Amino acid sequence: MANAESIKMTPAARESRITRTSYIGVAANILLAAFKAAVGLLANSVAIVLDAVNNLTDALSLVLTIIGVKLARRPPDTKHPFGHGRIEYFSAVSIAAIVLAAGVGSLVESARKIVSPEAPQYGPAALIIVAVAVASKFALGRYVSAQGRACNSDALVASGADASFDALISFSTLVGAGVMVLFKVNLDGWIGAAISLFILKAGVGMLLDSVGQIIGMRPDAEVSRRIRKTVEGVPGVIAAHDLMLHNYGPGSAIGSVHVEIDGSLDAAAIHRLTRAVQTAVMDAFHVFLTVGVYAVDPARRPERDFIEKTAKGHPGVKAVHGVFFDDDRRTLSFDVLVDFTVRDRAGLRDALVAELAPRFPDRAISISFDSDYSD
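Throughout, this note's numbering is defined as the position within the sequence shown, counted from one, plus 21.
See the structure below:
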């Protein structure tokens, strides 16, 4: 589901921004790789040459981002009626794998330096080159990550983080060299190991986030609240409940919502109202909502308050809605919103029926449970 910053961005504008940012990143990494390779060969520095190769892997991660966003924009078809948007999450998984590989490689190299320490042999020119590379990669990483967050692109955020981590690895080399020059203490391997563990932790986090999006995660809290506020802003809607959003890629979602309305409205008025809700949410968020209806009788407010107070006396109950008294069938029905700590819903239902029966002895009580799917 889109974040709050990108909800008004059209799919075409989002793709254009991600692609433009990725091209800039690819070009910058290729230029840095060429510069480092040339200097490394002239200075006979294997470390600088390897750092140049690392820039090419960063360029590759951005190429994967471009491919992912292009494939994700393919239109729906018979086999994939909800589109191909989730392909972007696989791009992010691939980039997370690259980050993890870089972390493992750095950790292995750092361990080798701890076991068999070698004093850094960088001259002044090499140190200046490393410093320039560090500053360039940090700046590039921050730019790419910021654009990724603005576009709600996990792949772009991961690419930016990859660039920042590479800069951190180079910076650790710079720090180790400085400590060696000033204090004659070789901490190169230990500094590298610490940063490698940090990179591995971040890589695992990226991987879990991307896999979580594929499995299905809770929608962004601010977006959920804004959608609910938009629904409740439609004339005739008393309250909105049970908002569910199904993510089919960044900026691509469908869902459903229940609205409470005056029980005296006729079918034509209800039709106009539900259409107005769908249109308002589609225009503002590019999300299609199926709208269900709860009829509300204002005269039953005291009974509704009693039911809600009774239900909220139980742990895990967050709200009550959809209270409906069917006088023809002599039934009372309502929905109870519970959090995921409530495991025994049948037991909770029995307890509520027992507590409410004395107040409503002539009613058959029917209770449905809603899960806490969104904020």
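Backbone N, C-alpha and C define an ideal beta-carbon position, used for all residues, glycine too. Remember, it's a predicted structure, so these values are computed and weren't measured experimentally.
Beta-carbon proximity check, residue i vs residue j, cutoff 8 Å
| i | j | result |
| --- | --- | --- |
| V155 | L195 | yes |
| G124 | E109 | no |
| G197 | L189 | no |
| T321 | F346 | Checking the sequence shown, residue 321 turns out to be Arg, not Thr. Closer than 8 Å, so yes. |
| T251 | A290 | no |
| R370 | V344 | no |
| D396 | R246 | yes |
| I45 | C172 | no |
| F381 | V357 | no |
| I328 | A214 | no |
| G272 | P32 | yes |
| G210 | P138 | yes |
| G169 | G181 | yes |
| L377 | T331 | yes |
Nonlocal neighbours in the same chain, by C-beta distance under 7 Å from residue i, ignoring five residues either side
| i | result |
| --- | --- |
| V47 | A80, L83 and V84 |
| R107 | I235, Y269 and G270 |
| L274 | The sequence shown places Ala at residue 274, rather than the Leu named in the question. Excluding positions up to five away in sequence, the list reads M22, L266, H267, N268 and V308. |
| P97 | F103 and G104 |
| M303 | F309 |
| I87 | T40 and S43 |
First and last residue of the uninterrupted beta strand (DSSP E) at residue i
| i | result |
| --- | --- |
| T352 | T352 to V359 |
| V278 | A274 to D283 |
| S389 | A385 to S392 |
| Y315 | V308 to V317 |
| A261 | A260 to N268 |
Sequence-distant residues of the same chain with beta carbon closer than 8 Å to residue i, five excluded per side
| i | result |
| --- | --- |
| S185 | K158, F159, G162, R163 and S166 |
| K91 | E36 and T40 |
Range covered by the alpha helix (DSSP H) that runs through residue i
| i | result |
| --- | --- |
| F345 | Where F345 is concerned, there is no enclosing alpha helix (DSSP H), although the beta strand (DSSP E) it sits in stretches over V338 to D347. |
| L369 | R366 to L377 |
| K134 | I108 to V136 |
| F327 | R322 to A332 |
| V244 | A242 to E253 |
Where residue i falls, given that 16 or more other Cβ within 10 Å makes a residue buried
| i | result |
| --- | --- |
| M227 | buried |
| H279 | buried |
| V359 | buried |
| V178 | buried |
| R35 | buried |
| E383 | Per the sequence presented here, residue 383 reads as Asp, with Glu not at that position. Exposed, because fewer than 16 other Cβ atoms sit within 10 Å of the Cβ of D383. |
| A152 | exposed |
| L203 | exposed |
| D183 | buried |
| G237 | exposed |
| K57 | buried |
| F192 | buried |
| G224 | buried |
| F306 | buried |
| I149 | exposed |
Contacting residues, own chain, Cβ-Cβ under 6 Å from residue i (five flanking each side not counted)
| i | result |
| --- | --- |
| A261 | R249, V252, E253, V278 and V280 |
| N76 | N50, L53 and A54 |
| D175 | A113 and S231 |
| Y394 | M265 |
Residue i beta carbon near the ligand COA (any heavy atom closer than 7 Å)
| i | result |
| --- | --- |
| F309 | What this structure holds is no ligand at all, so the ligand COA is not there to describe. |
Does the structure place the stretch 331-340 close enough to the stretch 301-318 that three or more beta carbon pairs sit under 8 Å? At 8 Å Cβ cutoff, the stretches do not touch.
Contact between the stretch 363-379 and the stretch 214-232 (3+ Cβ pairs under 8 Å): Flag = no, the stretch 363-379 and the stretch 214-232 do not touch.
Should the stretch 279-290 be regarded as contacting the stretch 107-122, the criterion being three or more beta carbon pairs within less than 8 Å? Because the criterion of three Cβ pairs below 8 Å is not met, the stretch 279-290 and the stretch 107-122 do not touch.
Is the stretch 342-358 touching the stretch 296-303 in the sense that three or more CB pairs, one from each, lie closer than 8 Å? No, the stretch 296-303 is not in contact with the stretch 342-358.
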